[in-house]
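Numbering (the UniProt record's numbering), first residue to last: 1 to 186.
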């Protein structure tokens, strides 16, 4: 189970410590390169009840956090498993919004495109696609060696914004981030 919370520039000094909650695996915060956006990605045991989490109170009256339950639908990495660490890598978070009847086809297409991206994109370290449990969204969490490596994939057929593989199924918005904090269960 994955829990994603998007927030607006309010992460500094506001992190919750979830390591004592049953079912907690890890959490990491990502800050956009432009300094405007933040998202928190946390992983939980499969039967975790998200309603036990306290809702973030920071700026709720102005920018309520957008929180979603997700599950990984496809994931590939150059190493044996996806490893998230704070540092110099660039993180690409793409959000695909769709009507629920399109999600199954999006899962199929993203799985096919993931194989192609990993074999044809120097600088792509790992990529994971997550589907929302309500059927309305998918997210791609990708790690890249550099911003330039990410920008190169936008010139490839199917990944080019002018004729993307998701055309007719979803709308897409993406931003680039850096991982600024990682906490794993003890």
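A virtual CB, placed ideally from N, CA and C, is assigned to each residue, including glycine.
- With respect to the 9 Å criterion, residue 165 and residue 93 are not classified as neighbours on the basis of their beta carbons.
- Bridge pairing for residue 90: 144 [DSSP].
- Annotation: the continuous alpha helix (DSSP H) that includes residue 108 extends over 103-120.
- Using a Cβ distance threshold of 9 Å, residue 114 and residue 74 count as a contacting pair.
- Beyond the five residues adjoining it in sequence on each side, residue 152 comes within less than 8 Å, by CB distance, of 121, 122, 123 in the same chain, given in chain order.
- Between the C-alpha atoms of residue 182 and residue 116 there is a straight-line separation of about 29 Å.
- Residue environment: residue 160 is assigned as exposed (fewer than 16 neighbouring CB atoms within 10 Å of its CB, all protein chains considered).
- Ranking 175, 32, 72, 38 by CA distance to the CA of residue 108 puts 72 first.
- In the three-state reduction of the DSSP assignment, residue 150 falls in the helix class, which pools H, G and I.
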